[in-house]
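Residue numbers (the working numbering): 37 to 121.
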């Protein structure tokens, strides 16, 4: 039994559409776009929590003093090395 020409073309077109739909689903499944956004938000939240902890425990003055002392030591020529025993 032979199919009319338009039936054969229709079958080919439907096969092509099915393959395209399957390929599109496979691409979406392998996409990391959503994961990247979640990772970005997680990093922002983590940095925020660290900043809250530093200011909440009043460590920012200690950190500022330590960094300032190291910069002064480096600029004075000591190189920031602490003297050994």
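All C-beta atoms in this analysis are idealised placements derived from N, C-alpha and C, irrespective of residue type, glycine included.
Where do the N-terminal and C-terminal ends of the alpha helix (DSSP H) with residue i fall, by residue?
i	result
residue 97	96 to 112
Report all residues from its chain with a CB closer than 7 Å to the CB of residue i; omit the five preceding and five following residues, and keep chain order.
i	result
residue 51	none
residue 49	none
Below 6 Å CB to CB, which residues in the same chain sit around residue i once its five sequence neighbours on both sides are set aside?
i	result
residue 90	96
Give me, in chain order, the residues of the same chain whose beta-carbon lies closer than 8 Å to that of residue i; leave out the 5 immediate sequence neighbours on both sides.
i	result
residue 99	90
residue 56	none
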